[in-house]
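Okay, structure first, notes after.
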Amino acid sequence: MTQKNIAIVDYGVSNLWSVLKAVRKFAPGAYITEEKEKIEIADAIILPGIGTFKAGMEGLRVRGLVEVLQQAAKKGTPILGICLGAQLLLEKGFEFGEWEGLGIIKGKVVHFPDLGDGVKIPAIGWQEVSPTSTEAKRLLGDTDKPFFYFVHSYVLEPTNPESVWATTNYGWYTYCATVGEGSVMGTQFHPEKSADAGLALLRVFCEGGSL
Amino acid sequence: MRVIARLDIKGPNVVKTVQTEGLRVVGEPAELAERYYVQGADELIYLDIVASLYRRNLDFEQLKRASAEVFVPLTVGGGIRSLHDIALALGAGADKVAINTYAVHNPTFLKEAAEMFGSQCIVLSVEAKKIGDNAWEVYTDGGRETTGKDVVEWVGQALQMGVGEILLTSVDKDGTKEGYDLGLLRAVSAISPVPVIIHGGAGSADDVVRAAKKGADAVSVSSILHYDLATIPDIKNALAAEHISVRI
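Line by line, the protein sequences give chains C and B. Note that the numbering used here gives residue 1076 to position 73 of the first sequence, counting from 1, and the numbers run on in steps of one. Note that the numbering used here gives residue 1366 to position 21 of the second sequence, counting from 1, and the numbers run on in steps of one.
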């Protein structure tokens, strides 16, 4: 087990306890923080989820964390975004208006298309995730049942097809389940809430250093 | 189809009521939460059933302990009446929050909450009591207070406010093990573009299968598990045997 400093960023709208207790299984030194300095010194950063795009970016801005995260990505610090945390990595979001994201990965975050009668939005439940990149295969490789928990109304649309590291299906619709570029990745699903499959992914992230 | 285990909390205990009364202690929150997680529950619901009635917050430290070994989503409700309360719940083990009493008296709170935490985090909890053929009245404060509101109208209004999921509890069926109120499920599902979780009355895996076939997006169970009538795997196997997709 590693003793890495993993910073879980508190920007005001996240399920912090759920993320911390899952991550601490593999990185006992993980901590929740909203302070720049504690993010700058981290070996790896987790940007947790819940919240709307607007509230999330405002939460980062008022804490002065936008640039810190952009710099950390440039430096090559491993970053894992979860759900909204993954969406914020992109350039733009369209939830309750149009908002600038962190712009670490090119692309936008848009509402699900109309999937027809009887297909409920938000999409809530367990969906199979298919890795399309070697990075995602490594992260998901530990599990023979790659079912993860999704709960969302907005989807990741990265500009570069190579940024789609894994896909999933809801109704007839296939979309991005994991976005990534270099040492930065984001999962639309919640690994901290995806039982053994999710914990396996977090273990690889916590122990793996750079991706 | 999601199979959800529900824990009704009073003080330090998990309790089970019959028609929201006649309360009986069935166990300890952390122990039961972990047991149902290990059994394979897709989610857990943790509801403090007296917080609203006594106008107090739920015990966040107890919630932290109860959620310590749970790695599936946890919806938490009971006495939530501010954005700060939601942040506290999310900081103590909740992934979604269920809101009933405060929303009934302050519907726009649902909109504020959805704009901050996202629709997917805000679950409308509805306690419905049958008052006629195809008519149900909204109750609050753990099934104790009447409101004069029609369930279907209220759900419609709450959907406008941006709630992302509906936890629909039948006050009449609660704890009876007679099966879900499928009429109630049908009436609410008919107007809801968001997922509906039905609760109240399941006494067997067959009851769950019936609700799934009537269009429930998720089923919530408590007595079945507390009284060892069936396990989560029993329920999921019964669903799978009817070709209803479940995570096993």
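The beta-carbon is built from N, C-alpha and C at its ideal position, and this holds for glycine as well. A quick note: this is a predicted structure, and the numbers were derived from the prediction, not measured.
Exercise for the section: Provide the residue span of the beta strand (DSSP E) that contains M1188(C), from first to last. Expected result: The continuous beta strand (DSSP E) containing M1188(C) extends over residues V1187 to T1190.
Practice task
Examine chain B for any beta-carbon lying closer than 7 Å to the beta-carbon of F1099(C), and answer yes or no.
Solution key: At least one C-beta of chain B is nearer than 7 Å to the C-beta of F1099(C).
Exercise for the section: Check the Cβ of E1195(C) against every Cβ in chain B and list those closer than 8 Å, keeping chain order. Expected result: For E1195(C), the chain B residues whose C-beta falls within less than 8 Å of its own C-beta are F1416, listed in chain order.
Problem - Cα-Cα separation, K1559(B) to K1123(C) - result: Taking the Cα positions, K1559(B) is about 15 Å away from K1123(C).
Practice task
Quick one: which residues of the region 1500 to 1534 of chain B get their C-beta closer than 8 Å to a C-beta of chain C? List them in chain order.
Solution key: Taken in chain order, the members of the region 1500 to 1534 of chain B whose beta-carbon sits within less than 8 Å of a beta-carbon on chain C are G1509 and E1510.
Handout entry: For S1021(C) and A1045(C), the rounded distance between their alpha carbons
Key = Here the alpha carbons of S1021(C) and A1045(C) stand approximately 20 Å from one another.
Problem - Under the three-state DSSP convention, the category C1179(C) falls into - result: When secondary structure is reduced to three states using DSSP, C1179(C) falls in the strand class.
Problem - Cβ of P1357(B) within 7 Å of any chain C Cβ - result: Taking Cβ atoms only, chain C never reaches closer than 7 Å to P1357(B), which makes this a no.
Exercise for the section: Could you pull the start and end residues of the beta strand (DSSP E) that K1007(C) belongs to? Expected result: For K1007(C), there is no enclosing beta strand (DSSP E), as DSSP marks it with neither H nor E.
Practice task
Using DSSP bridges, identify the partner residues of P1161(C).
Solution key: Paired residue(s): G1110(C).
Exercise for the section: Consider the Cβ of K1111(C): report whether some Cβ of chain B lies at a distance smaller than 7 Å. Expected result: Chain B has no Cβ within less than 7 Å of the Cβ of K1111(C).
Problem - Contacts around G1545(B), its chain only, beta-carbon distance under 6 Å, and the 5 residues preceding and following it disregarded - result: If we look at G1545(B) and ignore the five residues flanking it on each side, its Cβ neighbours are T1514, S1515, K1518 and D1519.
Handout entry: Selection from T1485(B), P1540(B) and A1459(B) that minimises the alpha carbon distance to V1471(B)
Key = The shortest Cα separation from V1471(B) among T1485(B), P1540(B) and A1459(B) belongs to T1485(B).
Handout entry: S1412(B): contacting residues in chain C (beta-carbon distance under 8 Å)
Key = What S1412(B) touches in chain C, judged by beta-carbon distance under 8 Å, is W1020, S1021 and K1024, going in chain order.
Exercise for the section: On the DSSP bridge assignment, give the partners of H1287(B) in chain order. Expected result: This structure does not reach residue 1287(B), given that chain B is present from 1346 up to 1593, and the question cannot be answered.
Practice task
Indicate whether at least one CB of chain C lies closer than 7 Å to the CB of S1464(B).
Solution key: Yes, because at least one Cβ of chain C sits closer than 7 Å to the Cβ of S1464(B).
Exercise for the section: Compare the C-beta of T1055(C) with all C-beta atoms of chain B and state if any pair is closer than 7 Å. Expected result: At least one chain B Cβ lies under 7 Å of T1055(C).
Exercise for the section: Taking L1428(B) as the reference, give the member of Y1447(B), I1511(B) and E1490(B) with the closest Cα. Expected result: Of the candidates Y1447(B), I1511(B) and E1490(B), the one whose C-alpha sits nearest the C-alpha of L1428(B) is Y1447(B).
Problem - Reduced DSSP secondary structure (H/G/I, E/B, other) of L1214(C) - result: For L1214(C), the predicted model reports a pLDDT of 45, less than 50, meaning its position is unreliable and no value from the coordinates is stated.
Problem - Cα-Cα separation, V1496(B) to I1542(B) - result: Approximately 15 Å, taken between the alpha carbons.
Exercise for the section: Under 9 Å between beta-carbons, which chain C residues line up against A1439(B)? List them in chain order, please. Expected result: Those within 9 Å of A1439(B) in chain C are N1018, W1020 and S1021.
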